[in-house]
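Using our numbering, read the sequence shown as starting at 35 and increasing by one per residue.
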Amino acid sequence: MSRRIALSAAAAIVVLGGAGAFAFAYAEDQQPALDNSDARYAAPDGDRDGSFTFTTEVTASSGVKSLKVLAWPADDTFAKDELTEKDMAEADSATCKPAGDDTARCTYKIPVTAAEAAESPRGPWHVATLTTAKDGTTTFDKKAASFTIG
């Protein structure tokens, strides 16, 4: 009877060890993920510039290499022609700072002049992001956040 118990215990260890190795391998291969994303637009006021700010937390098992950000009007050609990762190549990069294990807090902020605000389409806008982890994996999100220019 003790031999059966020993064999059962050995089989259980092999099964659990294999499941653990699979879970570990799966965790290593996960794509970067965004959380708590927020987009804010402040219109220029008098002589003072406005701003556009996008913040998010990025988690990547290998660490965060970069986050590209592109704000686009909901009725733009990207809505019809589908924005792609390739379109993000020329997008601006956010500034990312470590915020814990495998997580970075990323911020993208630009000033908006009165002239730029006057030329910008009114209505809903979306924020597209392309996140690249240190191991080279990427996550593209066409609508990571939204905001309105009134």
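We put the CB at the ideal spot given by N, CA and C, even for glycine. Note that the coordinates shown come from a computational prediction; the quantities given were computed from them, not determined experimentally.
- Message: Tell me the DSSP secondary structure of E119 in three-state form.
- Response: coil
- Message: For K114, count the other beta carbons within 10 Å of its own beta carbon; 16 or more makes it buried, fewer makes it exposed. Which is it?
- Response: exposed
- Message: Within a Cβ cutoff of 6 Å, which residues of the same chain sit near R139, ignoring the five residues on either side of it in sequence?
- Response: E91, K131, A133
- Message: According to DSSP, simplified to helix, strand and coil, what is K177?
- Response: strand
- For Q65, which of T182, T89, R156, T137 has the nearest alpha-carbon? T137
- At what residues does the beta strand (DSSP E) containing E153 begin and finish? First-last for E153: 148 to 153, but that is the alpha helix (DSSP H), not the beta strand (DSSP E).
- Query: If you compare alpha carbons, which of L104, A94, Y142, S95 is closest to D175?
  - Reply: L104
- Task: Using 10 angstroms around the beta-carbon of K143, count the other beta-carbons present and answer buried if the total reaches 16, otherwise exposed.
- Result: exposed
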